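For reference, the structure is listed below as structure tokens.
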Amino acid sequence: MHTKKKNKAKKWFVIAGIIIAGIVVFTIFFNGKGLYFTFGMSSSTALKAGGESTSVMAARVLIADEKTKLLDVADDKLLPSTVNGETVDEFVKNNVKSRLSRVATLNSMAKKKGVVLSHVQKEEVDNAASIYLQGLTDEQKNNLQVSRDKLTTMFTQFKIAEEMKNYLLSDDSIEVSTDEARVISVLYIVNDSEEEINKALKELKEGKPFYDVAANYNSDEAYTAELRRGDMQEEFENAAYALKSGEVSDVVSCDGKFYIIKCSSDNEQSKTDANKEYLLEKKRNEAFEEVFLPYENDTYIEINNSQWEKINVENITVTSVLFDDIYRQYID
């Protein structure tokens with residue numbers, strides 16, 4: 031079926047999407063400005079942004095998270111040699127650098143804006159640090175170089191970063207309509223010949239079951255689809271979304287082919303709800319980037335290169351408890 035969906039990415043490109051995902055769900059990349067490498071920082075400091083520092087422990091904790099995720103989705107339970115054209119070591123560390131850089135930059139901004147945590151939030155942070163620590167073995171604690179104080183600081187920095195994002199978006203009215211988020215399910219018949227598709231339509235109007243007609247005329251192996259706005263070519267999408275459950279379209283010409291579409295469900299409610307949350311977060315991220323990027327571009331970022339060079343992803347432990355999971359469960 032011809033749509034404007036991109037071809038499926040290879041497995042490790044999917045994993046790349048997983049590894050980039052952050053606790054605070056906004057995109058995290060270096061902006062290409064104000065980035066400096068230095069060997070003059072404390073051995074416990076991974077980087078600084080706008081004067082705010084993050085610890086080597088935080089870097090090791092996030093690397094452990096990402097390594098654990100990579101191994102969880104690998105069929106052979108082995109790390110790939112490369113991801114997205116980089117060695118796995120470079121890829122993981124570069125993404126963690128980017129993530130910590132943004133968290134530190136947001137903390138720098140929060141200090142200037144007076145954004146702080148409430149008493150309740152501080153208790154949540156303290157509790158999360160305890161739970162994460164309890165989930166590690168002594169060997170894992172030694173490998174990650176964790177301490178209770180540094181963990182509390184790390185959780186605090188990530189929560190302040192989230193609060194700063196919310197502060198920047200507090201005046202924005204961002205909405206997603208139910209129709210914009212609506213997910214539908216369809217059956218379809220597709221053929222290269224207009225003559226053949228018209229024969230199929232005639233048989234449907236005569237009362238033949240859709241599945242039987244599809245079996246006789248469909249030139250595509252697949253004949254079902256779950257649609258979100260923007261998934262398909264405009265002509266197909268407009269025809270599909272105009273249908274109610276059980277209705278069948280006339281012939282639709284699209285991308286040199288001819289279709290007949292039957293709507294099996296005009297609203298997959300649970301999937302629509304999930305898509306609405308996704309689209310809302312996407313819009314929030316876009317609005318956030320527009321406001322925050324100018325500040326980030328002017329922020330002086332220092333990377334403690336000597337400490338990063340000492341970290342080898344292969345030697346970082348895997349854990350049964352993840353920082354991201356603890357954050358989402360007890361703080362987010």
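Take any residue in the sequence shown, note its place counting from 1, add 30, and you have its number in the working numbering.
Where a beta carbon is used, it is the ideal one built from N, C-alpha and C, also for glycine.
None of these values were measured; they are calculated from a predicted model.
- Message: Using a 10 Å radius around the Cβ and a threshold of 16 neighbouring Cβ atoms, would you call R314 buried or exposed?
- Response: buried
- Item | The alpha helix (DSSP H) enclosing E256, as first and last residue numbers | No alpha helix (DSSP H) holds E256; the beta strand (DSSP E) holding it covers T254 to L257.
- Query: Any idea if A304 is buried or exposed, counting beta-carbon neighbours within 10 angstroms, 16 or more meaning buried?
  - Reply: exposed
- Message: Going by DSSP, what residue range makes up the alpha helix (DSSP H) through E193?
- Response: R178 to L198
- Starting from the Cα of T302, find the closest Cα among D201, S249, T167 and L257 and give me that residue. L257
- Item | A244 (DSSP reduced to helix, strand or coil) | helix
- Relative to the C-alpha of I227, which residue among F240, S215 and V216 is closest? F240
- Query: Does the count of Cβ pairs from the stretch 228 to 239 and the stretch 169 to 188 closer than 8 Å reach three?
  - Reply: no
- Within the same chain, show all residues whose beta-carbon is closer than 7 Å to that of L352, passing over the 5 residues directly before and after it, in chain order. D95 and T98
- Item | Same chain, Cβ closer than 6 Å to V213, five either side skipped, listed in chain order | R258, E298, K301, T302 and N305
- Would A272 be called buried (16 or more neighbouring beta carbons within 10 Å of its own) or exposed? exposed
- Evaluate A79 with the Cβ neighbour count: other Cβ atoms within 10 Å of its Cβ, from every protein chain shown; 16 or more gives buried, anything less gives exposed. buried
- Query: T182 and V206: beta carbons closer than 8 Å?
  - Reply: no
- Rounded C-beta distance between K152 and V216? I'm assuming under 8 Å. With 8 Å as the limit, K152 and V216 do not qualify as a contact, their Cβ atoms being about 50 Å apart.
- Reducing DSSP to helix, strand and coil, say where L92 ends up. helix
- Candidates D261, V282, L130 and S72: closest to A88 by CA position: L130
- Message: Here's a check: name, in chain order, each residue in its chain whose Cβ is nearer than 6 Å to the Cβ of S83, leaving out the five neighbours to either side.
- Response: T75
- Residue interval of the beta strand (DSSP E) (run including N334): I331 to N334
- Item | Own chain, CB closer than 6 Å to A244, minus 5 neighbours either side, in chain order | I219 and Y253
- Message: Looking at the strands, I want to know which residues DSSP matches up with Y218.
- Response: I291
- Starting from the C-beta of L147, find all residues in its chain whose C-beta is less than 8 Å away, skip the five residues before and the five after it, and write them out in chain order. V155, T186, K189, I190 and E193
- Query: Name the DSSP bridge partner or partners of L77?
  - Reply: T84 and I333
- Message: Between the stretch 317 to 333 and the stretch 131 to 150, can you find at least three pairs of beta-carbon atoms closer than 8 Å?
- Response: yes
- Task: Pick helix, strand or coil for S283, following the three-state DSSP scheme.
- Result: strand
- What separation, rounded to the nearest whole angstrom, lies between the Cα atoms of Q263 and N221? 16 Å
- Message: Distance check for V86 and S72, CA to CA, integer angstroms please.
- Response: 10 Å
- Query: Are there 16 or more other CB atoms within 10 angstroms of the CB of N246, so buried, or fewer, so exposed?
  - Reply: exposed
- Task: To the nearest angstrom, report how far apart K287 and K274 are at their CA atoms.
- Result: 23 Å
- Message: V126 and L166 - do their beta-carbons sit closer together than 8 Å?
- Response: no
- Query: Using the rule of at least 16 other Cβ atoms within 10 Å of the residue's Cβ for burial, across every protein chain shown, is L101 buried or exposed?
  - Reply: exposed
- Exposed or buried, T135, counting other C-beta atoms within 10 Å across all chains shown (16 or more means buried)? buried
- Item | Continuous alpha helix (DSSP H) stretch holding P239: start and end | Careful: P239 lies outside any alpha helix (DSSP H) and carries neither H nor E.
- So what's V213 in DSSP terms, helix, strand or just coil? coil
- Message: Measuring only the C-alpha atoms, how far is V145 from S128?
- Response: 22 Å
- Message: On the CB-based measure, 16 or more other CB atoms within 10 Å of its CB, does E251 come out buried or exposed?
- Response: exposed
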